[in-house]
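S.K.: Going by the UniProt record's numbering, the sequence shown opens with residue 1, and the numbers climb by one from there.
Encoded as structure tokens, here's the structure I'll be asking about.
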Amino acid sequence: MSAISDETQEHIELLSSLPKGNGWGLADLCQYQGFWCASDRLGSIVTFQKEFKPLETDLILATLPKSGTIWLKSMVYATVNRVRFPPASEKHPLLTTSAHDLVPFLEYYLEYGTYNSFSNFNANFQSPKSRLFSTHVPYALLPESVKNATNSPKIVYLCRNPKDNFVSLWHFFNKRGSNITNPLPLEKVLELYCRGESWYGPLWDNMLGYWKASLETPSKVLFLKYEELKKEPKFHLKRLAEFLGCPFSLEEEENGGTIDEILRLSSFEFMKNLDVNKNGITPLKFRSNIYFRKGEVGDWKNHLTASMAERIDRVFEEKMHGSGLLFDA
């Protein structure tokens, strides 16, 4: 039996031993090391944990699904590559290439990427300065080499108000598979969400893992909120660039053009209207256009009853009590 077959068999046996959960109309979830993940992606996550070898110069962007992932990827890609690819250029990669291609998910790289093993990936993946990756994996599930090594890479985590995150997830999953013709009832998925049974959840534990890491090692983990980034984009973009080790020069700040162009290039409305984000299939085998809906703060008010909103607030307040991590009502 080949090494690949051995590994596959190992993943099958592991999957069979794990608790199963409702996959919101897609593949069943399985509970792995305290968190829920799609059963058909467990093998990729385990391989990432075991085989990924980070470099100190790596940058990892971490998010929960439907929390501004493409926005963060686009903003960071444009920022760290602004000399190589001026953000005002008509040939900028973000104009013609999905942010999911430019900033690949580490846990899905073998499943959807061009390398058949992380050994080949670690040996061959090249970048002019920093390798830029993304992940939905909770902090607790990251490889020890990412979390605890003295030369561990930097991590940027972006999260979103739970009520907006829930509504966005509900819309997203209703654009997939059988849910298109038989939509998931809002009340049913709310029950799953509030008991932590969602992709990479419990969501409060996902958030708290990165939140605590950002307090313990602020030079390595930067914690951002979607709502704050929306409210003060320039302030947080400059903060982000400083953290990433590529601060804006006085000239860039004084003329404002570079910062404004990065914000324009990565803005929701601009990205939504690009052909690359309206047509085709992403590396995760999802239609490109399902990632963009409204991108607004507070849209939950158009979908949730008062009792639904209160329930989400109550659950998260209880789970995050004493952590210092708060969200506006």
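The beta carbon of each residue, even a glycine, is placed where N, CA and C say it ideally should be.
Would you list the residues sitting across from TYR157 in a DSSP beta bridge?
M.R.: BP columns for TYR157 point to ALA62, PHE223.
S.K.: Looking at C-beta atoms only, is the number of pairs between the segment 82 to 89 and the segment 131 to 145 that lie closer than 8 Å three or more?
M.R.: Too few Cβ pairs lie closer than 8 Å, so no.
S.K.: State whether the segment 197 to 208 contacts the segment 58 to 69, with contact taken as three or more CB pairs (one from each stretch) at a distance under 8 Å.
M.R.: Counting Cβ pairs under 8 Å, three or more are found: they touch.
S.K.: For PHE316 and GLU251, what's the separation of their Cα atoms in angstroms?
M.R.: Computed Cα separation, rounded: 43 Å.
S.K.: So is LEU42 buried or exposed if we call it buried at 16+ other beta carbons inside 10 Å?
M.R.: With 16 or more other Cβ atoms within 10 Å, it is buried.
S.K.: Please state the DSSP three-state secondary structure of MET1.
M.R.: Note that MET1 has pLDDT 36, beneath the 50 cutoff, so the model's placement of it is unreliable and no number is given.
S.K.: Does DSSP put LYS175 in a helix, a strand or coil?
M.R.: Residue state, collapsed to three classes: coil.
S.K.: CB PHE173 to CB GLY298, shorter than 8 Å?
M.R.: Not in contact: PHE173 and GLY298 (Cβ atoms no closer than 8 Å).
S.K.: Terminal residues of the continuous beta strand (DSSP E) containing TYR32?
M.R.: TYR32 -> beta strand (DSSP E) spans 29 to 32.
S.K.: Starting from the N-terminal side, write out each stretch of the beta strand (DSSP E) that is 3 residues or longer and does not extend beyond the segment 11 to 58.
M.R.: Listed in chain order, the complete beta strand (DSSP E) runs (minimum 3 residues) inside the segment 11 to 58 are 29 to 32, 35 to 38.
S.K.: What is the rounded straight-line gap between the Cα of ILE259 and the Cα of PHE248?
M.R.: Spanning the two alpha carbons is a distance of roughly 8 Å.
S.K.: Please name the residue in LYS53, PHE243, PHE52 whose C-alpha comes closest to that of TYR157.
M.R.: If we check each option's Cα against that of TYR157, PHE243 comes out closest.
S.K.: Taking the beta strand (DSSP E) that PHE133 belongs to, which residues open and close that run?
M.R.: Unbroken beta strand (DSSP E) run through PHE133: 132 to 135.
S.K.: Where does residue 331 fall in DSSP's three states?
M.R.: Residue 331 falls outside the range modelled here, since the chain spans only 1 to 329, and no answer is possible.
S.K.: Which residues in the same chain as ALA309 place their Cβ atom closer than 7 Å to its Cβ, once the five residues preceding and following it in sequence are excluded?
M.R.: Here the set comprises LYS163, TRP300.
S.K.: I'd like the span of the alpha helix (DSSP H) that includes HIS236, first residue to last.
M.R.: Here the alpha helix (DSSP H) through HIS236 covers 233 to 244.
S.K.: In whole angstroms, what separates the C-alpha of SER2 from that of PRO183?
M.R.: Its pLDDT being 42, under 50, SER2 is placed unreliably in this model, and the value from its coordinates should be taken loosely. Spanning the two alpha carbons is a distance of roughly 42 Å.
S.K.: Assuming ALA78 contacts LEU94 (C-beta within less than 8 Å), just tell me the rounded distance between them.
M.R.: Correct: roughly 6 Å between the Cβ atoms.
S.K.: Can you tell me whether LEU326 is buried or exposed, with buried defined as 16 or more other CB within 10 angstroms of its CB?
M.R.: By the 10 Å Cβ count, LEU326 comes out exposed.
S.K.: Assuming LEU18 contacts GLN31 under a Cβ cut-off of 8 Å, what Cβ separation, rounded to an integer in Å, is found between them?
M.R.: About 6 Å; that satisfies the 8 Å criterion.
S.K.: Can you name, in chain order, every residue of its own chain whose Cβ lies under 8 Å from the Cβ of TRP36, other than the five neighbours on each side?
M.R.: For TRP36, where only same-chain residues beyond five positions count, the Cβ hits under 8 Å are GLY21, LEU29, CYS30, GLY196, GLU197, SER198, TRP199, TYR200, GLY201, PRO202.
S.K.: Using the C-alpha atoms, what's the distance from GLY322 back to LYS278?
M.R.: So the two alpha carbons sit approximately 42 Å from each other.
S.K.: Please say whether LEU102 and LYS73 have beta carbons closer to each other than 8 Å?
M.R.: Yes, Cβ-Cβ distance for LYS73 and LEU102 is below 8 Å.
S.K.: According to DSSP, is LEU326 helix, strand or coil?
M.R.: Looking at LEU326 - three-state DSSP - the assignment turns out to be coil, as it is neither helix nor strand.
S.K.: Exposed or buried, which one is LYS225 when buried takes at least 16 other CB atoms within 10 Å?
M.R.: So LYS225 ends up on the buried side.
S.K.: Is PRO162 helix, strand or coil when you go by DSSP?
M.R.: Helix, per DSSP.
S.K.: To the nearest angstrom, report how far apart SER44 and GLU13 are at their CA atoms.
M.R.: Cα to Cα, the separation comes out at about 14 Å.
S.K.: Assuming the contact rule is C-beta atoms closer than 8 Å, SER130 and LYS220 should be a hit. Round their C-beta distance to whole Å, please.
M.R.: Actually they are not in contact, since the Cβ atoms of SER130 and LYS220 sit about 14 Å apart, beyond 8 Å.
S.K.: When you compare only the Cα positions, how much space is there between ASN148 and MET75?
M.R.: Answer to the nearest angstrom: the Cα atoms are 27 Å apart.
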